[in-house]
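Using UniProt numbering, you'd call the opening residue of the sequence shown number 1 and step up by one each time.
Glycine included, every Cβ here is placed at the ideal spot set by N, Cα and C.
Treat the numbers as computed from the prediction; the structure is a model and nothing was measured.
Accompanying notes for the structure given below.
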Amino acid sequence: MMLVIERKKIDDLIQTLAKNTSVYIPVRREQGGAVESVFEKFTPGKTIDFYYLPTLCSIKEFFLPAIEDTFVFDKRKNQAATLAQKKPFILFGLNSRDLEALTQLDEIMAKPNTDFFYFKKREMATVIGLINEPIKTPPGGDLILLKVNEEQYEAMPITKKGRALTKKRFFKKESAVITNAGSKSEEIMPRLRQLLLDPEFLSDVIKWSWRQDLAIWDELATLCLGCGICTYVCPLCYCFSVEDKIDLGGKTCARCRKWDACTLPRFAQVTGGHNFHKTIRERYYNWFFHKFVRAYNEYGKSQCVACGRCQKYCPAKIDIEKYILKMVDAYVKAKGV
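Below you can see the structure in the form of structure tokens.
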């Protein structure tokens with residue numbers, strides 16, 4: 001028996017959920033003559049984008065906002081208040097890349113000195129994936145809706161939240177379902193996604209390239225504007241800075257954390273003016289090192305899901321995949337592997 005939901009009933013499910021909870025879905029919008037996908041709060045009349053394009057703001061913004069007050073202190077009351085997510089919400093329609101990124105982000109934030117504010121938001125969130133290609137194992141979330149044919153999606157509950165959702169009237173059990181979604185499985189997997197399956201090899205390539213092939217890093221440094229866009233749009237970049245905002249009378253203070261980026265000129269600058277990464281070449285390599293070397297050493301995987309955002313939104317049009325493949329080719333040629 002397979003638990004399924006008809007595609008035409010997915011909009012009805014969203015409308016029902018939105019009666020009691022804020023539901024965010026991917027929708028398509030025309031912006032400046034270009035078509036973009038964005039996650040927006042559902043309101044009547046909006047329809048979900050089943051095949052959304054890489055969004056400018058990744059799903060991390062729901063859990064790691066660009067700017068966030070973490071606590072406030074009032075001197076007059078001698079009282080501090082910690083700020084945290086209090087209202088439940090639903091993220092509906094995440095694809096496999098974004099689900100995988102969120103699963104990795106959960107692992108990262110659960111390290112010692114667990115990120116309290118991140119997990120408060122995760123506790124409040126219900127994540128529903130909408131996957132249109134064959135998968136071997138669910139990449140994460142509370143409930144996966146996996147396409148089995150043009151009219152139906154299989155419902156795969158992962159958590160208690162997901163199982164509760166499948167009890168709604170939109171889901172039914174069927175013993176015989178015609179499956180044709182598997183035709184996509186024969187598509188050629190992009191090279192970067194193939195490489196991500198062997199993170200140890202990719203780690204070795206990046207380290208070797210920095211020692212033996214600086215010309216490619218010089219080329220990247222020439223192109224890079226050092227604007228930080230690649231890190232802001234990446235679902236797996238999570239560096240931030242902290243500042244205290246004090247009112248003019250010195251009576252109240254709010255501690256705020258804001259996104260930071262390791263490609264920015266002052267990211268590695270410390271008191272006294274010393275900068276550990278003075279050049280854009282050093283900063284760009286540091287970004288690669290964190291994603292493909294340090295991440296492998298700490299987690300056994302690369303902190304990249306090949307979502308394509310860094311390539312799509314880079315104002316200098318740097319194709320990260322192309323340069324990684326150049327490094328791989330040079331490494332293979334030099335090592336004879």
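Element boundaries [alpha helix (DSSP H), containing residue i]
i      : result
Asp98  : Ser96 to Met109
Arg169 : It is not in any alpha helix (DSSP H) - Arg169 carries neither H nor E in the DSSP assignment.
Val332 : Ile320 to Lys335
Thr16  : Arg7 to Leu17
Buried or exposed (CB count within 10 angstroms, at least 16 for buried), residue i
i      : result
Ala334 : exposed
Glu107 : exposed
Tyr51  : exposed
Ser241 : exposed
Lys245 : exposed
Ile144 : buried
Val293 : buried
Phe62  : buried
Glu30  : exposed
Leu283 : Note on identity: in this sequence residue 283 is Arg, with Leu being the wrong assignment. Per the 10 Å Cβ criterion, buried.
Asn20  : exposed
His274 : exposed
Lys87  : exposed
Asp247 : exposed
Gln194 : exposed
Element boundaries [beta strand (DSSP E), containing residue i]
i      : result
Leu156 : Looking at the sequence provided, one finds Met at residue 156 rather than Leu. Taken as a continuous stretch (DSSP letters only), the beta strand (DSSP E) holding Met156 covers Gln152 to Pro157.
Ile128 : Ala125 to Ile131
Cys314 : Element bounds for Cys314: n/a, residue is neither H nor E.
Leu225 : Neither: Leu225 is in no beta strand (DSSP E) and is coded neither H nor E.
Phe73  : Ile67 to Asp74
Lys147 : Leu143 to Lys147
Proximity to residue i [Cα-Cα], best of the options
i           : options                           : result
Glu219      : Gly273, Ile324 and Ala261         : Ile324
Cys237      : Trp217, Cys307, Lys19 and Thr43   : Cys307
Lys172      : Ile10, Lys322 and Pro190          : Ile10
Asp69       : Ala261, Glu243, Arg281 and Gln269 : Glu243
Ala84       : Lys291, Cys256 and Leu192         : Cys256
Leu53       : Lys46, Arg76, Pro26 and Lys77     : Pro26
residue 415 : Asn132, Pro134 and Asp142         : Residue numbering for the chain in the displayed model covers 1 to 337; residue 415 lies beyond these limits and cannot be assessed.
Asp204      : Phe89, Lys60, Asn297 and Asp74    : Asn297
Gln152      : Gly226, Val38, Arg7 and Lys120    : Arg7
Gln311      : Asp319, Lys77 and Leu99           : Asp319
Leu202      : Gly32, Thr43, Phe288 and Thr16    : Phe288
Ala330      : Asp213, Glu133 and Thr55          : Asp213
Thr16       : Leu225, Phe170 and Lys120         : Phe170
Residue-chain proximity (residue i, chain D), Cβ-Cβ < 8 Å
i      : result
Ile246 : Judged by its chain identifiers, the structure shown contains no chain D, having just a single protein chain.
TODO: Decide yes or no for the touch test of the region 227 to 236 against the region 200 to 218: beta carbon pairs closer than 8 Å, at least 3 of them.
DONE: no
Open item on the list: What ranges does the beta strand (DSSP E) occupy inside the region 194 to 218, keeping only unbroken runs of at least 3 residues that lie completely in it?
Closed with: none
Open item on the list: Restricting to runs no shorter than 4 residues, where is the alpha helix (DSSP H) found entirely within the region 238 to 304?
Closed with: 280 to 288 and 295 to 299
Task: Sufficient close CB pairs (3 or more, under 8 Å) joining the region 144 to 162 to the region 263 to 281 - done: no
Open item on the list: Suppose only complete runs of 3+ residues qualify. What are the beta strand (DSSP E) ranges in the region 21 to 58, listed by chain order?
Closed with: 22 to 31 and 34 to 41
Open item on the list: Would the region 99 to 106 count as touching the region 124 to 143 if we require 3 or more Cβ pairs under 8 Å?
Closed with: yes
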